[in-house]
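Visitor:
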Amino acid sequence: AQSVTQLDSQVPVFEEAPVELRCNYSSSVSVYLFWYVQYPNQGLQLLLKYLSGSTLVESINGFEAEFNKSQTSFHLRKPSVHISDTAEYFCAVSTNFGNEKLTFGTGTRLTIIP
Amino acid sequence: ETGVTQSPTHLIKTRGQQVTLRCSSQSGHNTVSWYQQALGQGPQFIFQYYREEENGRGNFPPRFSGLQFPNYSSELNVNALELDDSALYLCASSLTSTNTGELFFGEGSRLTVL
Numbered sequence: 067a068q069s070v071t072q073l074d075s076q077v078p079v080f081e082e083a084p085v086e087l088r089c090n091y092s093s094s095v096s097v098y099l100f101w102y103v104q105y106p107n108q109g110l111q112l113l114l115k116y117l118s119g120s121t122l123v124e125s126i127n128g129f130e131a132e133f134n135k136s137q138t139s140f141h142l143r144k145p146s147v148h149i150s151d152t153a154e155y156f157c158a159v160s161t162n163f164g165n166e167k168l169t170f171g172t173g174t175r176l177t178i179i180p
Numbered sequence: 002e003t004g005v006t007q008s009p010t011h012l013i014k015t016r017g018q019q020v021t022l023r024c025s026s027q028s029g030h031n032t033v034s035w036y037q038q039a040l041g042q043g044p045q046f047i048f049q050y051y052r053e054e055e056n057g058r059g060n061f062p063p064r065f066s067g068l069q070f071p072n073y074s075s076e077l078n079v080n081a082l083e084l085d086d087s088a089l090y091l092c093a094s095s096l097t098s099t100n101t102g103e104l105f106f107g108e109g110s111r112l113t114v115l
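Protein chains in written order, with this note's numbering: chain A, 67 to 180; chain B, 2 to 115.
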């Protein structure tokens with residue numbers, strides 16, 4: 067079985083400052099990794115994913131995450147955050163590609179301070 | 002192209018009652034997954050349906066059951082409700098053949114059990 071750990075339940079950051087949201091996973095087999103974002107009163111939306119190939123993946127709104135197999139991590143970063151980035155961020159892992167059954171972390175609430 | 006829609010958005014039940022939650026998947030998607038998100042927790046996988054058959058189940062008791070219809074819409078049924086069943090229930094659809102790894106989530110049905 068696999069598991070996901072998001073150590074930071076809440077992260078307050080000043081606007082235009084950089085941020086890193088940490089995610090570590092545990093699995094005995096190869097994994098596929100995802101970051102989902104949940105804006106207030108909305109459903110979850112895929113932010114970015116690692117399936118194979120380059121270990122650095124990027125989203126269209128400036129977030130990036132790097133798959134580090136040796137450290138079993140998939141941390142999410144953004145060099146400069148905006149008020150609109152206020153949301154809950156969930157890291158998730160899957161071991162069966164094509165019929166995703168995701169195991170989620172407990173989430174990190176990102177609060178942007180003006 | 003319509004997204005994933007869920008109904009009802011909110012409902013209140015008492016212990017021992019039964020509830021049915023409904024989900025219309027995104028147009029063209031043939032796979033539906035259900036997740037339970039308790040307050041302050043990440044979503045937990047309940048089960049998945051592919052072409053009207055259950056295709057994997059998480060660690061939930063048999064009183065959680067589901068259906069998928071020929072139009073790929075789905076229902077989640079919970080019998081003998083318990084207080085701990087209070088949560089946000091999320092439906093997610095995907096198209097298995099595309100191999101994109103992405104789930105499309107609805108906004109959820111918030112169930113309160115008194």
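We treat Cβ as the ideally placed atom computed from N, Cα and C, and that holds for glycine.
May I have the straight-line CA-CA distance separating Thr21 (chain B) from Thr138 (chain A), to the nearest angstrom?
Guide: The residue you call residue 21 (chain B) lines up with position 20 of the second sequence. The residue you call residue 138 (chain A) lines up with position 72 of the first sequence. Thr21 (chain B) and Thr138 (chain A): Cα-Cα distance of roughly 39 angstroms.
Visitor: Classify Tyr105 (chain A): buried if its beta carbon has 16 or more other beta carbons within 10 angstroms, exposed otherwise.
Guide: Residue 105 (chain A) sits at position 39 when you count from the first residue of the first sequence. Tyr105 (chain A) should be labelled exposed.
Visitor: Taking 8 angstroms as the cut-off, does the segment 147–155 of chain A touch the segment 78–90 of chain A (at least 3 CB pairs, one atom from each stretch)?
Guide: As far as the Cβ criterion goes, the segment 78–90 of chain A touches the segment 147–155 of chain A, which means the pair count is three or higher.
Visitor: Flag this pair as yes or no: are the beta carbons of Tyr102 (chain A) and Phe140 (chain A) separated by less than 8 angstroms?
Guide: Within the first sequence, numbered from 1, the residue matching residue 102 (chain A) stands at position 36. Within the first sequence, numbered from 1, the residue matching residue 140 (chain A) stands at position 74. Not in contact: Tyr102 (chain A) and Phe140 (chain A) (Cβ atoms no closer than 8 angstroms).
Visitor: The segment 167–180 of chain A: which residues have C-beta closer than 8 angstroms to a C-beta of chain B, in chain order?
Guide: Residues passing the 8 angstroms Cβ filter: Lys167, Leu168, Thr169, Phe170, Gly171, Thr172 and Gly173.
Visitor: Is Leu122 (chain A) close to chain B? Criterion is C-beta to C-beta, closer than 8 angstroms.
Guide: Here residue 122 (chain A) refers to the residue found at position 56 when the first sequence is read from its first residue. So no, Leu122 (chain A) is outside the interface.
Visitor: Tell me the rounded alpha-carbon separation between Glu124 (chain A) and Leu112 (chain A).
Guide: Mapped onto the first sequence, residue 124 (chain A) falls at position 58. Mapped onto the first sequence, residue 112 (chain A) falls at position 46. Looking at the two C-alpha atoms, the distance is approximately 12 angstroms.
Visitor: On the DSSP bridge assignment, give the partners of Leu77 (chain B) in chain order.
Guide: The sequence position of residue 77 (chain B) within the second sequence is 76, counting from 1. Paired residue(s): B:Leu22 and B:Gly67.
Visitor: I'd like the list of long-range same chain contacts for Val97 (chain A), defined as Cβ closer than 8 angstroms, with 5 residues on each side in sequence excluded.
Guide: Within the first sequence, the letter at position 31 stands for residue 97 (chain A). Hits under 8 angstroms: Gln68, Tyr91, Val159, Ser160 and Thr161.
Visitor: For a cutoff of 8 angstroms on Cβ pairs, would you count Gln42 (chain B) as touching chain A?
Guide: On the second sequence, position 41 is the one that residue 42 (chain B) refers to. Yes - at least one Cβ of chain A is within 8 angstroms of the one on Gln42 (chain B).
Visitor: Please state whether DSSP places Ile126 (chain A) in a helix, a strand or coil.
Guide: If you number the first sequence from 1, residue 126 (chain A) lands on position 60. In this structure, Ile126 (chain A) counts as coil in the three-state DSSP scheme.
Visitor: Determine the DSSP secondary structure at Ser28 (chain B), reduced to helix, strand or coil.
Guide: Residue mapping note: residue 28 (chain B) aligns to position 27 of the second sequence, counting from 1. In this structure, Ser28 (chain B) counts as coil in the three-state DSSP scheme.
Visitor: At the 8 angstroms Cβ level, is Gly109 (chain A) part of the contact set with chain B, yes or no?
Guide: In the first sequence, counting from the first residue as 1, residue 109 (chain A) sits at position 43. Answer yes: the Cβ-Cβ gap between Gly109 (chain A) and chain B drops below 8 angstroms somewhere.
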